[in-house]
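Peer 1: Would you mind keeping the following structure in view while I ask a few things?
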Amino acid sequence: MMVCHCKAINSDFIRGHFGSTTLTLDDLTKHCGVGKDCGACLDQIEAMLAQITADSGTSVFVGTAS
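Shown next as structure tokens:
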């Protein structure tokens, strides 16, 4: 599923970058630029990170992109 249309980032890409380390919205913004253009994807990405966290049992900080 396409998550960030501006940067052509899909959910598989985001899930693939979630490993044993904590992934934040800021990490994704810095790494691949999601949320830097129109910002329409931010709510969906925050929800996705929360779901990944729930599924993995690890903690994640969901903050706003700068």
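Sequential numbering of the sequence shown, starting at 150, is according to the working numbering.
In this text, a Cβ means the ideal position worked out from N, Cα and C, and glycines have one as well.
Given the structure is predicted, the values throughout are model-derived calculations rather than measurements.
#1: Based on DSSP bridge pairs, tell me the residues matched to C153.
#2: If I follow the unbroken alpha helix (DSSP H) through A189, where does it start and stop?
#3: For the candidate residues L198, E195, C181, whose alpha-carbon lies nearest to that of A157?
#4: Measure the alpha-carbon distance for I201 versus S160 and round it to whole angstroms.
Peer 2: This is what the structure holds:
#1: I158
#2: That residue, A189, is in no alpha helix (DSSP H); it is neither H nor E in DSSP.
#3: C181
#4: 11 Å
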